[in-house]
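What follows is a single structure, written as C-alpha coordinates, with notes after it.
In the numbering used here, the protein residues as written are 188 to 729.
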(Lines of atoms letter the chains of each structure in order from A; the text may use other names.)
(Lines give C-alpha, C1' and ligand atoms only; values in the text may rest on other atoms or scores of the structure.)
Protein backbone atom coordinates (compact mmCIF):
# COMPACT_ATOMS: atom_id res chain seq x y z
CA UNK A 188 0.00 0.00 0.00
CA UNK A 189 1.50 3.37 -1.00
CA UNK A 190 1.93 6.06 1.69
CA UNK A 191 -0.88 8.58 2.11
CA UNK A 192 0.29 11.82 0.51
CA UNK A 193 -1.96 13.72 2.91
CA UNK A 194 0.56 12.86 5.65
CA UNK A 195 3.23 14.80 3.76
CA UNK A 196 0.91 17.72 3.08
CA UNK A 197 -0.09 17.97 6.76
CA UNK A 198 3.56 17.87 7.83
CA UNK A 199 4.42 20.69 5.42
CA UNK A 200 1.48 22.76 6.65
CA UNK A 201 2.39 22.23 10.30
CA UNK A 202 5.99 23.18 9.60
CA UNK A 203 4.92 26.44 8.00
CA UNK A 204 2.36 27.28 10.70
CA UNK A 205 3.88 26.11 14.00
CA UNK A 206 7.47 25.04 13.50
CA UNK A 207 7.92 23.82 17.08
CA UNK A 208 7.82 20.03 16.60
CA UNK A 209 8.48 19.99 12.82
CA UNK A 210 11.90 20.30 11.22
CA UNK A 211 12.71 20.65 7.49
CA UNK A 212 15.96 19.15 6.18
CA UNK A 213 17.10 18.70 2.61
CA UNK A 214 19.61 16.00 3.54
CA UNK A 215 22.02 14.93 6.28
CA UNK A 216 25.51 13.54 5.72
CA UNK A 217 27.92 11.71 7.98
CA UNK A 218 30.92 13.89 7.14
CA UNK A 219 29.15 17.21 7.78
CA UNK A 220 26.42 16.57 10.33
CA UNK A 221 28.18 14.03 12.56
CA UNK A 222 31.34 16.13 12.95
CA UNK A 223 32.43 17.21 16.42
CA UNK A 224 30.23 19.99 17.73
CA UNK A 225 27.69 19.67 14.92
CA UNK A 226 26.33 16.34 16.21
CA UNK A 227 25.72 17.76 19.72
CA UNK A 228 24.03 20.86 18.29
CA UNK A 229 21.71 18.90 15.98
CA UNK A 230 20.88 16.39 18.75
CA UNK A 231 19.92 19.29 21.02
CA UNK A 232 17.74 20.70 18.23
CA UNK A 233 16.04 17.32 17.81
CA UNK A 234 15.50 17.05 21.55
CA UNK A 235 13.85 20.50 21.53
CA UNK A 236 11.53 19.43 18.69
CA UNK A 237 10.51 16.28 20.59
CA UNK A 238 9.80 18.21 23.80
CA UNK A 239 7.84 20.84 21.85
CA UNK A 240 5.64 18.08 20.44
CA UNK A 241 4.92 16.44 23.81
CA UNK A 242 7.23 13.51 23.08
CA UNK A 243 6.91 13.41 19.28
CA UNK A 244 8.61 15.32 16.49
CA UNK A 245 8.33 15.23 12.70
CA UNK A 246 11.32 15.54 10.38
CA UNK A 247 10.55 16.24 6.72
CA UNK A 248 13.57 15.45 4.53
CA UNK A 249 14.19 16.10 0.87
CA UNK A 250 12.74 19.61 1.20
CA UNK A 251 14.16 23.13 1.33
CA UNK A 252 14.12 25.32 4.46
CA UNK A 253 10.81 26.84 3.39
CA UNK A 254 9.17 23.48 2.68
CA UNK A 255 9.74 23.30 -1.09
CA UNK A 256 10.04 19.79 -2.58
CA UNK A 257 13.71 19.46 -3.48
CA UNK A 258 13.98 15.67 -3.71
CA UNK A 259 17.09 13.62 -2.96
CA UNK A 260 18.40 10.36 -4.40
CA UNK A 261 17.62 7.03 -2.68
CA UNK A 262 21.27 6.80 -1.61
CA UNK A 263 21.14 10.28 -0.08
CA UNK A 264 17.85 9.44 1.62
CA UNK A 265 19.34 6.28 3.17
CA UNK A 266 22.34 8.20 4.50
CA UNK A 267 20.00 10.88 5.87
CA UNK A 268 17.98 8.27 7.78
CA UNK A 269 21.19 6.72 9.16
CA UNK A 270 22.37 10.10 10.44
CA UNK A 271 18.92 11.00 11.80
CA UNK A 272 18.82 7.69 13.70
CA UNK A 273 22.15 8.50 15.37
CA UNK A 274 20.97 12.01 16.26
CA UNK A 275 17.77 10.58 17.75
CA UNK A 276 19.77 8.08 19.81
CA UNK A 277 21.99 10.90 21.09
CA UNK A 278 18.81 12.78 22.10
CA UNK A 279 17.31 9.73 23.92
CA UNK A 280 14.71 9.25 21.19
CA UNK A 281 14.13 6.92 18.26
CA UNK A 282 12.70 6.89 14.73
CA UNK A 283 9.29 5.24 15.02
CA UNK A 284 8.04 5.41 11.41
CA UNK A 285 9.22 6.60 7.99
CA UNK A 286 7.11 7.26 4.88
CA UNK A 287 8.50 8.24 1.47
CA UNK A 288 7.13 9.77 -1.73
CA UNK A 289 8.58 10.25 -5.21
CA UNK A 290 8.85 13.82 -6.54
CA UNK A 291 7.55 13.99 -10.14
CA UNK A 292 9.82 15.41 -12.82
CA UNK A 293 8.76 17.72 -15.65
CA UNK A 294 7.25 14.80 -17.58
CA UNK A 295 5.19 13.74 -14.56
CA UNK A 296 7.24 10.62 -13.86
CA UNK A 297 6.84 9.76 -10.15
CA UNK A 298 10.22 9.84 -8.44
CA UNK A 299 11.97 11.40 -11.41
CA UNK A 300 13.22 14.19 -9.16
CA UNK A 301 14.08 12.02 -6.19
CA UNK A 302 12.43 11.31 -2.84
CA UNK A 303 10.95 13.21 0.05
CA UNK A 304 10.12 11.60 3.36
CA UNK A 305 8.46 12.14 6.71
CA UNK A 306 10.11 10.57 9.78
CA UNK A 307 8.23 10.42 13.07
CA UNK A 308 10.60 10.73 16.06
CA UNK A 309 9.42 9.60 19.50
CA UNK A 310 10.89 10.15 22.92
CA UNK A 311 12.63 7.21 24.60
CA UNK A 312 14.88 4.43 23.39
CA UNK A 313 13.55 1.80 20.99
CA UNK A 314 11.63 -0.77 22.98
CA UNK A 315 12.75 -4.35 23.31
CA UNK A 316 10.24 -7.02 24.23
CA UNK A 317 10.26 -9.80 26.76
CA UNK A 318 12.66 -12.70 26.22
CA UNK A 319 9.68 -15.07 26.49
CA UNK A 320 8.26 -14.00 23.12
CA UNK A 321 7.01 -17.25 21.56
CA UNK A 322 6.46 -18.13 17.90
CA UNK A 323 3.65 -20.53 16.93
CA UNK A 324 3.33 -22.26 13.54
CA UNK A 325 -0.14 -23.29 12.37
CA UNK A 326 -0.89 -26.33 10.22
CA UNK A 327 -3.91 -28.27 8.97
CA UNK A 328 -6.11 -29.04 5.96
CA UNK A 329 -7.46 -26.30 3.69
CA UNK A 330 -10.67 -24.70 5.00
CA UNK A 331 -10.23 -26.19 8.47
CA UNK A 332 -10.01 -22.69 9.94
CA UNK A 333 -6.32 -21.97 10.66
CA UNK A 334 -6.30 -18.35 9.57
CA UNK A 335 -9.80 -17.73 10.97
CA UNK A 336 -8.79 -19.02 14.40
CA UNK A 337 -5.61 -16.92 14.44
CA UNK A 338 -7.55 -13.88 13.18
CA UNK A 339 -9.96 -14.17 16.12
CA UNK A 340 -7.10 -14.66 18.59
CA UNK A 341 -5.15 -11.57 17.50
CA UNK A 342 -8.25 -9.32 17.36
CA UNK A 343 -10.51 -10.82 20.02
CA UNK A 344 -13.30 -10.58 17.45
CA UNK A 345 -15.67 -13.49 16.69
CA UNK A 346 -15.83 -14.73 13.12
CA UNK A 347 -18.95 -14.12 11.03
CA UNK A 348 -19.23 -17.80 10.10
CA UNK A 349 -17.81 -17.06 6.64
CA UNK A 350 -14.14 -16.83 7.56
CA UNK A 351 -14.18 -13.04 7.89
CA UNK A 352 -11.38 -12.85 10.46
CA UNK A 353 -9.19 -14.88 8.08
CA UNK A 354 -8.90 -11.69 6.02
CA UNK A 355 -6.78 -10.17 8.77
CA UNK A 356 -3.96 -12.55 7.76
CA UNK A 357 -4.34 -13.33 4.02
CA UNK A 358 -2.29 -10.61 2.40
CA UNK A 359 -2.51 -11.31 -1.32
CA UNK A 360 -5.54 -10.08 -3.31
CA UNK A 361 -6.06 -13.49 -4.94
CA UNK A 362 -6.04 -15.11 -1.50
CA UNK A 363 -8.78 -12.83 -0.25
CA UNK A 364 -10.80 -13.37 -3.44
CA UNK A 365 -10.54 -17.18 -3.32
CA UNK A 366 -10.61 -17.54 0.47
CA UNK A 367 -7.44 -19.67 0.35
CA UNK A 368 -3.97 -18.90 1.70
CA UNK A 369 -1.20 -19.34 -0.87
CA UNK A 370 1.81 -18.16 1.14
CA UNK A 371 2.92 -17.77 4.71
CA UNK A 372 1.21 -14.97 6.60
CA UNK A 373 1.86 -13.55 10.00
CA UNK A 374 -0.11 -12.38 13.01
CA UNK A 375 0.81 -11.07 16.43
CA UNK A 376 -0.84 -10.32 19.72
CA UNK A 377 0.46 -10.00 23.23
CA UNK A 378 -0.09 -9.72 26.94
CA UNK A 379 0.54 -6.98 29.44
CA UNK A 380 0.53 -7.93 33.10
CA UNK A 381 -1.37 -11.08 32.11
CA UNK A 382 -4.14 -9.38 30.11
CA UNK A 383 -4.42 -9.82 26.31
CA UNK A 384 -3.31 -6.93 24.09
CA UNK A 385 -5.01 -7.23 20.69
CA UNK A 386 -5.48 -5.28 17.46
CA UNK A 387 -8.62 -3.52 16.30
CA UNK A 388 -7.51 -3.80 12.68
CA UNK A 389 -4.39 -5.85 11.84
CA UNK A 390 -4.34 -4.28 8.36
CA UNK A 391 -3.18 -1.03 10.00
CA UNK A 392 0.57 -1.11 10.44
CA UNK A 393 0.20 1.16 13.48
CA UNK A 394 -1.99 -1.45 15.20
CA UNK A 395 0.63 -4.17 14.77
CA UNK A 396 3.41 -1.82 15.84
CA UNK A 397 1.32 -0.83 18.86
CA UNK A 398 1.21 -4.44 20.05
CA UNK A 399 5.00 -4.68 19.99
CA UNK A 400 5.29 -1.32 21.72
CA UNK A 401 2.81 -1.94 24.56
CA UNK A 402 2.94 -5.70 25.32
CA UNK A 403 5.40 -7.22 27.78
CA UNK A 404 4.94 -10.67 26.18
CA UNK A 405 4.39 -11.39 22.48
CA UNK A 406 2.88 -14.32 20.61
CA UNK A 407 3.73 -14.35 16.89
CA UNK A 408 1.95 -16.70 14.48
CA UNK A 409 3.39 -18.13 11.27
CA UNK A 410 0.21 -19.14 9.44
CA UNK A 411 0.91 -21.85 6.87
CA UNK A 412 -0.98 -23.09 3.83
CA UNK A 413 -3.55 -25.92 3.96
CA UNK A 414 -4.00 -26.61 0.26
CA UNK A 415 -2.04 -29.69 -0.86
CA UNK A 416 -0.37 -28.09 -3.93
CA UNK A 417 1.36 -25.65 -1.56
CA UNK A 418 2.84 -28.32 0.73
CA UNK A 419 6.28 -26.90 -0.07
CA UNK A 420 5.22 -23.58 1.45
CA UNK A 421 3.78 -25.28 4.53
CA UNK A 422 7.03 -27.17 5.12
CA UNK A 423 8.93 -23.89 4.72
CA UNK A 424 6.77 -22.39 7.46
CA UNK A 425 7.23 -25.31 9.86
CA UNK A 426 10.91 -26.01 9.17
CA UNK A 427 12.26 -22.61 8.13
CA UNK A 428 11.01 -20.49 11.03
CA UNK A 429 12.32 -20.54 14.60
CA UNK A 430 9.12 -22.00 16.05
CA UNK A 431 8.44 -22.75 19.71
CA UNK A 432 5.12 -24.58 19.23
CA UNK A 433 2.89 -26.03 16.54
CA UNK A 434 -0.88 -25.48 16.39
CA UNK A 435 -2.60 -28.15 14.28
CA UNK A 436 -6.26 -27.51 13.44
CA UNK A 437 -8.84 -30.17 12.59
CA UNK A 438 -12.35 -29.09 11.53
CA UNK A 439 -15.13 -30.82 13.47
CA UNK A 440 -17.34 -31.13 10.39
CA UNK A 441 -14.61 -32.74 8.29
CA UNK A 442 -12.39 -34.59 10.75
CA UNK A 443 -8.77 -35.65 10.17
CA UNK A 444 -7.81 -35.87 6.49
CA UNK A 445 -4.81 -37.03 4.50
CA UNK A 446 -3.40 -33.50 4.73
CA UNK A 447 -3.99 -33.48 8.50
CA UNK A 448 -1.85 -36.61 8.82
CA UNK A 449 0.77 -35.13 6.51
CA UNK A 450 1.07 -31.91 8.53
CA UNK A 451 1.02 -33.76 11.85
CA UNK A 452 3.82 -35.98 10.59
CA UNK A 453 5.96 -32.93 9.77
CA UNK A 454 5.30 -31.34 13.18
CA UNK A 455 6.13 -34.51 15.07
CA UNK A 456 9.12 -35.41 12.89
CA UNK A 457 10.66 -32.01 13.63
CA UNK A 458 10.04 -32.66 17.35
CA UNK A 459 7.97 -29.50 17.75
CA UNK A 460 5.68 -29.43 20.85
CA UNK A 461 2.18 -29.24 19.38
CA UNK A 462 -1.38 -28.33 20.38
CA UNK A 463 -4.37 -29.67 18.42
CA UNK A 464 -7.36 -27.34 18.14
CA UNK A 465 -10.58 -28.94 16.87
CA UNK A 466 -12.30 -26.04 15.10
CA UNK A 467 -15.87 -25.29 14.01
CA UNK A 468 -17.34 -26.88 17.15
CA UNK A 469 -20.41 -24.68 16.67
CA UNK A 470 -21.48 -26.35 13.40
CA UNK A 471 -21.70 -29.97 14.60
CA UNK A 472 -23.59 -31.95 17.23
CA UNK A 473 -22.01 -32.96 20.53
CA UNK A 474 -21.93 -36.54 19.27
CA UNK A 475 -20.00 -35.59 16.13
CA UNK A 476 -17.57 -33.45 18.13
CA UNK A 477 -16.87 -36.37 20.48
CA UNK A 478 -16.33 -38.65 17.48
CA UNK A 479 -13.73 -36.30 15.95
CA UNK A 480 -12.00 -35.96 19.32
CA UNK A 481 -11.66 -39.76 19.45
CA UNK A 482 -10.32 -39.83 15.87
CA UNK A 483 -7.67 -37.24 16.76
CA UNK A 484 -6.69 -39.15 19.88
CA UNK A 485 -6.33 -42.32 17.83
CA UNK A 486 -4.24 -40.48 15.25
CA UNK A 487 -1.87 -39.30 17.96
CA UNK A 488 -1.59 -42.69 19.64
CA UNK A 489 -0.77 -44.30 16.29
CA UNK A 490 2.09 -41.80 16.03
CA UNK A 491 3.33 -42.85 19.50
CA UNK A 492 2.09 -39.63 21.12
CA UNK A 493 -0.06 -39.20 24.22
CA UNK A 494 -3.17 -37.03 23.73
CA UNK A 495 -4.16 -34.80 26.67
CA UNK A 496 -7.70 -33.39 26.75
CA UNK A 497 -7.55 -29.87 28.16
CA UNK A 498 -11.28 -29.91 29.08
CA UNK A 499 -10.58 -32.96 31.24
CA UNK A 500 -7.17 -32.22 32.78
CA UNK A 501 -7.05 -28.39 32.69
CA UNK A 502 -4.70 -25.76 31.30
CA UNK A 503 -2.23 -26.08 34.19
CA UNK A 504 -1.61 -29.75 33.40
CA UNK A 505 -1.44 -29.07 29.66
CA UNK A 506 1.27 -26.44 30.19
CA UNK A 507 3.25 -28.75 32.46
CA UNK A 508 2.96 -31.82 30.22
CA UNK A 509 3.18 -30.47 26.63
CA UNK A 510 6.27 -31.95 25.00
CA UNK A 511 7.48 -33.92 22.00
CA UNK A 512 5.46 -36.86 23.37
CA UNK A 513 2.36 -35.22 24.95
CA UNK A 514 -0.10 -33.30 22.73
CA UNK A 515 -2.87 -31.21 24.36
CA UNK A 516 -6.26 -31.17 22.55
CA UNK A 517 -9.14 -28.71 22.88
CA UNK A 518 -12.32 -27.82 21.00
CA UNK A 519 -12.77 -24.31 19.63
CA UNK A 520 -15.13 -22.09 17.65
CA UNK A 521 -14.09 -18.76 16.18
CA UNK A 522 -17.80 -17.90 15.88
CA UNK A 523 -18.80 -18.48 19.53
CA UNK A 524 -15.21 -17.92 20.80
CA UNK A 525 -15.37 -21.30 22.57
CA UNK A 526 -11.92 -22.45 23.66
CA UNK A 527 -10.14 -19.21 22.71
CA UNK A 528 -9.78 -18.08 26.34
CA UNK A 529 -8.04 -21.41 27.05
CA UNK A 530 -5.63 -20.79 24.15
CA UNK A 531 -5.03 -17.28 25.52
CA UNK A 532 -4.13 -18.74 28.89
CA UNK A 533 -1.78 -21.29 27.34
CA UNK A 534 -0.02 -18.80 25.08
CA UNK A 535 0.37 -16.33 27.95
CA UNK A 536 2.07 -18.95 30.13
CA UNK A 537 3.86 -21.40 27.81
CA UNK A 538 7.66 -21.14 28.11
CA UNK A 539 9.90 -20.45 25.16
CA UNK A 540 11.33 -23.71 23.82
CA UNK A 541 13.56 -22.74 20.89
CA UNK A 542 17.23 -22.46 21.87
CA UNK A 543 18.60 -19.19 20.53
CA UNK A 544 22.03 -19.26 22.16
CA UNK A 545 25.13 -18.46 20.15
CA UNK A 546 26.25 -15.91 17.59
CA UNK A 547 23.70 -14.18 15.39
CA UNK A 548 22.28 -16.09 12.44
CA UNK A 549 19.15 -15.60 10.35
CA UNK A 550 18.01 -17.45 7.24
CA UNK A 551 16.27 -15.26 4.66
CA UNK A 552 12.65 -16.18 4.02
CA UNK A 553 11.63 -13.16 1.91
CA UNK A 554 13.24 -10.07 0.43
CA UNK A 555 11.76 -6.80 -0.73
CA UNK A 556 12.72 -3.23 -1.47
CA UNK A 557 11.66 -0.11 0.45
CA UNK A 558 12.02 3.28 -1.21
CA UNK A 559 14.76 5.27 0.46
CA UNK A 560 15.88 2.28 2.51
CA UNK A 561 16.86 -0.33 -0.06
CA UNK A 562 17.02 -4.11 0.29
CA UNK A 563 15.23 -5.74 3.22
CA UNK A 564 15.77 -9.36 4.24
CA UNK A 565 12.91 -10.84 6.23
CA UNK A 566 13.04 -13.93 8.40
CA UNK A 567 13.17 -15.29 11.94
CA UNK A 568 16.31 -14.67 13.99
CA UNK A 569 17.66 -18.19 14.55
CA UNK A 570 20.35 -17.52 17.15
CA UNK A 571 21.95 -14.58 18.90
CA UNK A 572 21.11 -10.90 18.55
CA UNK A 573 21.32 -8.42 15.68
CA UNK A 574 21.55 -4.65 16.13
CA UNK A 575 21.31 -1.64 13.84
CA UNK A 576 24.80 -0.87 12.51
CA UNK A 577 26.06 -4.47 12.70
CA UNK A 578 28.41 -5.60 9.95
CA UNK A 579 27.33 -8.98 8.55
CA UNK A 580 27.91 -11.51 5.81
CA UNK A 581 25.11 -12.50 3.41
CA UNK A 582 25.23 -15.62 1.28
CA UNK A 583 26.22 -17.85 -0.17
CA UNK A 584 25.75 -16.41 -3.62
CA UNK A 585 25.41 -18.90 -6.48
CA UNK A 586 29.21 -19.03 -6.82
CA UNK A 587 29.69 -19.81 -3.12
CA UNK A 588 30.86 -16.31 -2.14
CA UNK A 589 29.50 -14.16 0.70
CA UNK A 590 28.72 -10.44 0.51
CA UNK A 591 29.68 -7.93 3.21
CA UNK A 592 26.59 -5.94 4.29
CA UNK A 593 25.59 -3.55 7.07
CA UNK A 594 22.33 -3.40 9.02
CA UNK A 595 20.60 -0.07 8.38
CA UNK A 596 17.58 -0.69 10.57
CA UNK A 597 15.33 -3.43 11.96
CA UNK A 598 11.54 -3.69 12.04
CA UNK A 599 9.39 -6.20 13.92
CA UNK A 600 5.70 -6.25 12.93
CA UNK A 601 6.14 -2.68 11.57
CA UNK A 602 7.66 -1.42 14.83
CA UNK A 603 11.22 -0.20 14.53
CA UNK A 604 13.53 -1.76 17.12
CA UNK A 605 17.15 -1.19 18.00
CA UNK A 606 17.95 -4.91 18.19
CA UNK A 607 16.28 -8.28 17.70
CA UNK A 608 16.93 -11.52 19.58
CA UNK A 609 16.47 -15.16 18.64
CA UNK A 610 12.86 -16.00 17.77
CA UNK A 611 11.93 -12.53 16.54
CA UNK A 612 10.29 -12.30 13.09
CA UNK A 613 11.96 -9.23 11.59
CA UNK A 614 12.77 -7.27 8.48
CA UNK A 615 16.45 -6.28 8.34
CA UNK A 616 17.30 -3.37 6.02
CA UNK A 617 20.71 -4.00 4.46
CA UNK A 618 23.33 -1.68 3.03
CA UNK A 619 25.76 -3.06 0.46
CA UNK A 620 23.46 -5.32 -1.57
CA UNK A 621 20.64 -4.92 -4.08
CA UNK A 622 17.25 -6.46 -3.36
CA UNK A 623 17.40 -8.69 -6.43
CA UNK A 624 20.61 -10.26 -5.08
CA UNK A 625 18.94 -11.35 -1.81
CA UNK A 626 17.36 -14.81 -2.16
CA UNK A 627 15.38 -17.14 0.07
CA UNK A 628 17.67 -19.71 1.69
CA UNK A 629 20.60 -17.31 2.12
CA UNK A 630 21.88 -16.70 5.64
CA UNK A 631 22.98 -13.59 7.54
CA UNK A 632 25.98 -14.14 9.83
CA UNK A 633 28.52 -11.97 11.70
CA UNK A 634 31.35 -10.54 9.58
CA UNK A 635 33.92 -12.79 11.32
CA UNK A 636 31.82 -15.99 11.15
CA UNK A 637 33.18 -19.28 9.81
CA UNK A 638 31.03 -19.36 6.67
CA UNK A 639 30.50 -22.49 4.61
CA UNK A 640 29.15 -22.77 1.10
CA UNK A 641 27.97 -26.36 1.22
CA UNK A 642 27.12 -28.36 -1.89
CA UNK A 643 27.12 -31.80 -0.27
CA UNK A 644 26.52 -33.13 3.23
CA UNK A 645 26.23 -36.41 5.11
CA UNK A 646 22.98 -37.16 6.96
CA UNK A 647 21.14 -39.67 9.10
CA UNK A 648 17.64 -40.07 7.61
CA UNK A 649 14.41 -41.85 8.41
CA UNK A 650 12.08 -42.78 5.54
CA UNK A 651 8.47 -42.15 6.59
CA UNK A 652 6.70 -43.37 3.48
CA UNK A 653 7.57 -44.23 -0.12
CA UNK A 654 5.87 -46.54 -2.65
CA UNK A 655 9.17 -48.23 -3.50
CA UNK A 656 12.73 -48.36 -2.25
CA UNK A 657 14.85 -45.18 -2.34
CA UNK A 658 17.94 -45.84 -4.47
CA UNK A 659 21.06 -43.87 -5.37
CA UNK A 660 20.08 -40.97 -7.61
CA UNK A 661 16.71 -40.37 -5.86
CA UNK A 662 15.98 -36.63 -6.18
CA UNK A 663 13.52 -35.19 -3.66
CA UNK A 664 13.22 -31.57 -2.52
CA UNK A 665 15.15 -30.96 0.71
CA UNK A 666 13.82 -28.39 3.20
CA UNK A 667 16.37 -27.19 5.76
CA UNK A 668 15.76 -23.83 7.49
CA UNK A 669 14.38 -21.67 4.61
CA UNK A 670 16.26 -23.62 1.94
CA UNK A 671 14.01 -25.56 -0.47
CA UNK A 672 16.19 -27.20 -3.10
CA UNK A 673 16.21 -30.33 -5.24
CA UNK A 674 18.94 -32.70 -4.10
CA UNK A 675 20.37 -36.10 -5.03
CA UNK A 676 20.47 -38.88 -2.43
CA UNK A 677 23.30 -41.44 -2.40
CA UNK A 678 22.46 -43.94 0.40
CA UNK A 679 25.42 -45.63 2.09
CA UNK A 680 23.88 -49.08 1.55
CA UNK A 681 22.69 -48.30 -1.98
CA UNK A 682 19.01 -48.12 -1.03
CA UNK A 683 16.54 -47.33 1.77
CA UNK A 684 13.11 -48.88 2.39
CA UNK A 685 10.01 -47.33 4.06
CA UNK A 686 10.60 -47.26 7.81
CA UNK A 687 14.39 -47.52 7.38
CA UNK A 688 16.92 -45.44 9.27
CA UNK A 689 20.20 -45.01 7.45
CA UNK A 690 23.04 -42.80 6.31
CA UNK A 691 23.10 -41.03 2.97
CA UNK A 692 25.09 -38.41 1.13
CA UNK A 693 22.97 -35.49 -0.10
CA UNK A 694 24.04 -33.18 -2.94
CA UNK A 695 22.20 -29.95 -3.79
CA UNK A 696 21.53 -29.96 -7.54
CA UNK A 697 21.83 -26.30 -8.49
CA UNK A 698 23.77 -24.21 -5.97
CA UNK A 699 25.44 -24.29 -2.52
CA UNK A 700 23.88 -23.21 0.78
CA UNK A 701 25.14 -22.59 4.30
CA UNK A 702 24.09 -25.58 6.39
CA UNK A 703 25.55 -26.94 9.61
CA UNK A 704 25.92 -30.20 11.50
CA UNK A 705 22.92 -30.92 13.70
CA UNK A 706 20.31 -29.15 11.55
CA UNK A 707 17.16 -31.20 10.90
CA UNK A 708 15.49 -31.32 7.48
CA UNK A 709 12.45 -32.72 5.70
CA UNK A 710 12.68 -34.30 2.24
CA UNK A 711 9.74 -34.90 -0.04
CA UNK A 712 8.69 -35.81 -3.55
CA UNK A 713 5.12 -34.58 -3.89
CA UNK A 714 4.30 -35.45 -0.29
CA UNK A 715 6.76 -35.55 2.60
CA UNK A 716 8.78 -38.74 2.52
CA UNK A 717 11.16 -38.49 5.45
CA UNK A 718 13.25 -36.47 7.86
CA UNK A 719 16.95 -36.27 8.53
CA UNK A 720 19.74 -34.70 10.55
CA UNK A 721 22.91 -33.28 8.98
CA UNK A 722 25.97 -35.03 10.42
CA UNK A 723 28.82 -33.61 8.32
CA UNK A 724 29.23 -30.88 5.70
CA UNK A 725 31.56 -30.48 2.76
CA UNK A 726 32.55 -26.95 1.58
CA UNK A 727 31.98 -26.28 -2.11
CA UNK A 728 35.69 -25.81 -2.82
CA UNK A 729 36.84 -29.06 -1.20
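We put the CB at the ideal spot given by N, CA and C, even for glycine. These numbers were taken from a predicted model, which means no experiment stands behind them.
Per DSSP, the continuous beta strand (DSSP E) segment holding residue 608 begins and ends at 606-608. Around the beta carbon of residue 696, a 10 Å sphere encloses fewer than 16 other beta carbons of the protein chains shown; the residue is thus reported as exposed.
Sorting 592, 591, 608 and 593 by C-alpha distance to the C-alpha of residue 599 places 608 at the top.
Around the beta carbon of residue 227, fewer than 16 other beta carbons lie within 10 angstroms, which makes this residue exposed. Residue 341 has no beta-bridge partner at all, per DSSP.
Taking residue 622 as the centre and dropping the five residues before and after it, the same chain places the C-beta of 554, 555, 556, 561, 562 and 563 closer than 8 Å to its C-beta, in chain order. Counted as a single uninterrupted DSSP element, the stretch harbouring residue 492 is not any alpha helix (DSSP H), since DSSP gives it neither H nor E. Within the stretch 434-506, complete beta strand (DSSP E) segments of at least 3 residues are found at 461-466 and 493-496, given in chain order. Put simply, the stretch 698-712 touches the stretch 660-679. At least three CB pairs are less than 8 Å apart. When the alpha-carbon of residue 436 is set against those of 574, 516 and 266, the nearest one is in 516. Distance from residue 493 to residue 463 at the Cβ level is roughly 12 Å; contact not present, criterion being Cβ atoms closer than 8 Å. Rounded to whole angstroms, the gap between the alpha carbons of residue 291 and residue 299 is 5 Å. Burial of residue 265 is indicated by the presence of at least 16 other C-beta atoms within 10 angstroms of its C-beta. Taking 3 residues as the minimum length, the beta strand (DSSP E) runs contained wholly in the stretch 629-669 are 630-633, 641-650 and 664-667, in order along the chain. Under the 10 Å beta carbon count, residue 229 is surrounded by 16 or more other beta carbons and is classified as buried. Closest option to residue 685, judged by alpha-carbon separation, among 658, 549 and 674: 658.
For residue 599, no alpha helix (DSSP H) encloses it; the enclosing beta strand (DSSP E) starts and ends at 590-599.
Between residue 408 and residue 337 a beta carbon distance of about 5 Å is seen, short of the 8 Å cut, so the two are scored as contacting. Every unbroken stretch of the beta strand (DSSP E) spanning 3 or more residues and falling wholly within the stretch 552-579 is given here in chain order: 553-557, 561-570 and 572-574.
For residue 605, the closest C-alpha among the options 576, 624 and 628 is that of 576.
For residue 281, the enclosing beta strand (DSSP E) starts and ends at 280-289.
Distance check between residue 579 and each of 718, 475 and 616 places 616 closest, using alpha-carbon atoms only. Shown here, residue 611 sits in coil according to DSSP, grouped into three states, outside any helix or strand. Secondary structure of residue 549 (DSSP, three-state): strand.
Bounds of the beta strand (DSSP E) holding residue 309 are 302-310. In the DSSP assignment, residue 534 falls within the unbroken alpha helix (DSSP H) covering 527-536. Residue 384 has 377 as its beta-bridge partners, per DSSP. In the three-state scheme derived from DSSP, where H, G and I count as helix and E and B as strand, residue 264 is classed as helix. A residue is called buried when at least 16 other Cβ atoms come within 10 angstroms of its Cβ; residue 223 does not meet this threshold and is exposed. Rounded to whole angstroms, residue 430 and residue 570 show a C-alpha spacing of 12 Å. Annotation: residue 377 to residue 507 spans about 21 Å, alpha carbon to alpha carbon.
Secondary structure note for residue 209: its beta strand (DSSP E) is the uninterrupted segment 209-212. In its chain, beyond the 5 residues on either side, 281, 282, 575 and 596 have a beta carbon closer than 8 Å to the beta carbon of residue 272.
CA-CA distance, residue 716 to residue 709, rounds to 8 Å.
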